[in-house]
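Residue numbers (our numbering): 94 to 1243. Scroll down for the structure; my scribbles are underneath it.
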């Protein structure tokens, strides 16, 4: 009986943007075809090796782990060519992992394995020589270089004795026809077995077009590009019968596939967690060291608690009782941790956290359920007292359900990599890596990408894509959208092109497109990682990355540690550093959790820049809540999410006595009292099960998980146990069922209190700092968002509300970051030089260092010689436009005119400094010589502000719209900072009105030859982007003049997480104001201003507005209403304001 054909050349979807078969469907296809074995040979990776091994084994299919790789021969002169490597055993897997890792860690755009590396690491591997197109032997044969092919074959025969197979493929290409006879001749001449493969990328032949589309997406090309990658439609997963028919003349090529399969006996297996050993300082056992360290840490924490509360506040008996409570809890936790074998884990985490703290790297108080551990608190891993805040250890580490503990640790985003580097140094570079994650093609992206490749009009494709609902948390599949979205269904049914687009998109939807690094996960191994998992390199950080995803990494036995980057920690630390400049040594741990002033600020909704609290919706909640205790902050962090938000009005009403607090049973009162009878936290589910039905907290956690998953069989069993336990407390079955059902309904969206408390602490720290050190906090916020001009505009607006002056950038007073200055009239925030556009943050730091070391810049020449040597024209332009060189007493226009001379002077000074020819320098560019300047009058105010905007991305000294503010009331204007709030409670389109200066515009022409435009406009609070379609653009184009004030009526709506503004009407702002203003009243002291008013009226001409003059004559007020109607423009208003004798101007609105 003949052996079955085995696929030895298979690409799953882990061959990114190339393979179309996810692991599960691939295994299902193989099982359906009754394949006894199957090889996975993704392109230069083993991303799916463990997932494939597990899925194949479960399906009764022998997994064969391999990879298609590129080789570089010993000469390194020829093009890279492909081979396939298959693992026979554990040695082969380690060698494959090492070869892939070494090539990918090299960071080359086209990775390859040198033959020399293959020679050193070939044990346990079988090699197939590659296909005809790029095969290691076939490619030179196609190029008529038989000598090179023979040379390569000789090398492979030496490296892979008895493990070398000459590979034959028949996909219908000319290269295969040329190469096959020569390959057969080489095989028979050298007594080398042949093997047949089909290079599979997709499941069925009908997927061929979609595969071509996928390849084009990867290459950024269309189906109409001649130079795109072409594959035949034969690269599908063929049956045994198909392959036997295809190679009927070479049956041994089929038989050898099974022969190879029998030689391979390795699968990547799951392992128990492999924690690296922790070297204790005194050489003691990890368990002993953990106990000692924990008790020592708890003693320090208790001393802090007593110091903060005051020992005198306690009777001695109370102090002893408190100490016993903490020590009992500590010992209980330690017993569980040690029994479960996790001593080393706690020590490892405590070590790198405490190292970070010693290096002044900001570390969060803990997030997730880890904040419930008193051991974590004692070791300094977390900074929340779990006993004080009622946090449960069993929510973190359940002795009744064995699983790895998982501390989620926040570090300063900018210094997170330093902590990872420390861990690398401590445990070895080859034992530490970050974790890979994969991005897939979601429905909208699949439609847009496929539409581009198919050459369809962008507008048409965009319209179809938007018919698919957007839900990033739970992406909607095309098949679901077609059932629910009638407009999409109608479009597909009425247009064959759209039907074709949707069908292709459905085939590529969900396929993996790219990889990136997981935001937090880091693994630490007890051995070199390549023995467990292959590695790659993250080009963004240059750190190693596992080729297995999060789940597979843990299945492989590697222990994950979460190193999260949180920018708020950086903001807090920068604020603390600025406060220290005032001689105040403040630590975050010193911030009290009770402060009436901070609560009052939050109750007013003043939460701009506050962690977790700054959204417009949350600010409204705070206004209603009027928090007055830290528990309220914890609750609101937990409640402000879809689902639980429905309980916010009830929580507020009960807190303020407008609604009675009730409990389903008196036993629940101590559990729910802090949340006014409302179940908010997952921990309350556990405590409820404990007090009502006698559950242990560990068992109650299992109940909570079962409720969350809503698995019927498990729920039925749990309900029975809950009811029987409740009966022990004389609770009727009916009431027990009602309580169980209510808890079940809640459990699906209950929030982890430990996580909410940790985030509430950070939120409170930001709030307290903002209330007590407002300028320092806002300066830190600005530094954190130094490149985000939209955020800077919001923070600048917030400065205004606190009467904090925003001081202009200055080469003599600014630092690279935003800083705080004490002024006679209060504090001011000095604009950071690093926030000026296109000057370079590092270069500005160097400039500041020069000033600090060698004194302020005393003149323009001094600045040029010491600070301008590394500046180019654009940098110097923006320093001038921003006002950073105003200190030298010259107009900005004068400085701007002298840019080339300043730069030339700077270069001469630089050369003199480098050559140390002081005598020559003194005669050419020293203090005796000035930079030749032509004094020029200052730019007009409007131009000066426009340049300021260009350099800073916002108006700093003033805003051109300021002079219009008292005229905007009748236009019902929305400001940029109010936009999110206006759309907060609706998904529908809303009509809004904006006034501002046109900052920029881009006019485009669509494929249908219709003109449309994008424009940016700015007001005193920020910037907005507006789209104008052809009809509005045609009517408004003459008004779209940069730096001119305009009025825009828009239709505003949310699209995904963005706001889209579509213009309905555009007018010059003066025109819009005129339509809403009947006229103007000018208050004058006497007749002095009359002639000036008359000349202004004559200049602007007739219009539709009235002018009234008011003047006090002795004890009477005389009103003079001028005949006629006038055009009372903004220019006229400014002219009248400047006249002697004018007291004020007011409007007469319609």
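Glycine residues also receive a C-beta, built at the ideal position from the N, C-alpha and C atoms.
Euclidean distance between Cα positions of residue i and residue j
i: residue 730; j: residue 562; result: 28 Å
i: residue 934; j: residue 311; result: 35 Å
i: residue 259; j: residue 223; result: 8 Å
i: residue 837; j: residue 762; result: 18 Å
i: residue 1121; j: residue 699; result: 35 Å
i: residue 454; j: residue 947; result: 30 Å
i: residue 451; j: residue 383; result: 20 Å
i: residue 1114; j: residue 911; result: 19 Å
i: residue 920; j: residue 1223; result: 34 Å
i: residue 256; j: residue 608; result: 33 Å
i: residue 289; j: residue 334; result: 13 Å
i: residue 614; j: residue 885; result: 31 Å
i: residue 1221; j: residue 1173; result: 8 Å
i: residue 772; j: residue 765; result: 6 Å
i: residue 1239; j: residue 1200; result: 10 Å
i: residue 457; j: residue 855; result: 8 Å
i: residue 789; j: residue 810; result: 16 Å
i: residue 302; j: residue 587; result: 22 Å
i: residue 808; j: residue 798; result: 10 Å
i: residue 950; j: residue 944; result: 7 Å
i: residue 109; j: residue 298; result: 20 Å
i: residue 1145; j: residue 1154; result: 5 Å
i: residue 681; j: residue 741; result: 29 Å
Pick from the options that is closest to residue i, judged by C-alpha positions
i: residue 254; options: 244, 260, 285; result: 285
i: residue 722; options: 662, 890, 1151, 482; result: 482
i: residue 673; options: 378, 1219, 869, 195; result: 869
i: residue 898; options: 909, 917, 904, 882; result: 917
i: residue 99; options: 1060, 157, 153, 115; result: 157
i: residue 965; options: 759, 817, 994, 799; result: 994
Unbroken beta strand (DSSP E) run spanning residue i, endpoints
i: residue 1171; result: 1170-1177
i: residue 159; result: 155-165
i: residue 978; result: From DSSP, residue 978 is part of no beta strand (DSSP E); its letter is neither H nor E.
i: residue 175; result: 174-180
Residue i - containing alpha helix (DSSP H), residue span
i: residue 725; result: 723-732
i: residue 1026; result: Premise fails: residue 1026 is in no alpha helix (DSSP H) and is neither H nor E.
i: residue 321; result: Run containing residue 321: none; DSSP gives neither H nor E here.
i: residue 274; result: 267-282
i: residue 691; result: 689-696
i: residue 617; result: Taken as a continuous stretch (DSSP letters only), residue 617 belongs to no alpha helix (DSSP H), being part of the beta strand (DSSP E) at 605-617.
i: residue 439; result: 436-451
i: residue 743; result: 741-748
Beta-carbon proximity of residue i to residue j, cut-off 8 Å
i: residue 178; j: residue 159; result: yes
i: residue 163; j: residue 145; result: no
i: residue 1051; j: residue 1162; result: no
i: residue 1244; j: residue 846; result: In this structure the chain extends from 94 to 1243, so residue 1244 is not present and cannot be described.
i: residue 887; j: residue 1070; result: yes
i: residue 1044; j: residue 999; result: no
i: residue 661; j: residue 860; result: no
i: residue 1119; j: residue 1141; result: yes
i: residue 357; j: residue 610; result: no
i: residue 1133; j: residue 1108; result: yes
i: residue 306; j: residue 554; result: no
i: residue 238; j: residue 175; result: no
i: residue 654; j: residue 504; result: no
i: residue 642; j: residue 768; result: no
In DSSP terms, what residue i is bridged to
i: residue 503; result: 657
i: residue 528; result: 639
i: residue 1240; result: 1173
i: residue 258; result: 221
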